[in-house]
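Take a look at the structure below.
What follows is the structure, given as structure tokens:
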């Protein structure tokens, strides 16, 4: 978590891949402006888990498929 955004990654075993990464960037915030840090943290703490749940992410990525098998 920073002053102008945040990034978070979690295991997300779906057909789309093994991980989900959420990046939040506030381009008009000066890097020295810490006044939005609390809002960034609140957003990530609320939005990231809700998104993982909506995507149906599992707590661990699925095992790698054997050669010739697709997910």
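Numbering (the numbering used here), first residue to last: 241 to 311.
Glycine is no exception: its CB is placed at the ideal position from the N, C-alpha and C atoms.
Please read all numbers here as calculations on a predicted model, not as lab measurements.
- Taking 7 Å as the cut-off, the Cβ atoms of residue 242 and residue 266 do not count as close.
- Assignment of alpha helix (DSSP H) within the segment 265–302, counting only whole runs of 4 or more residues, yields 277–295 in chain order.
- Sequence-distant Cβ neighbours of residue 273 in its own chain, meaning closer than 8 Å and more than five residues away, are 243, 244.
- In this structure, residue 262 places its C-beta atom within 7 Å of the C-beta atom of residue 288.
- Residue 260 holds the alpha-carbon nearest to the alpha-carbon of residue 248 among 294, 256, 260.
- According to the DSSP assignment, residue 242 belongs to no beta strand (DSSP E), since it is labelled neither H nor E.
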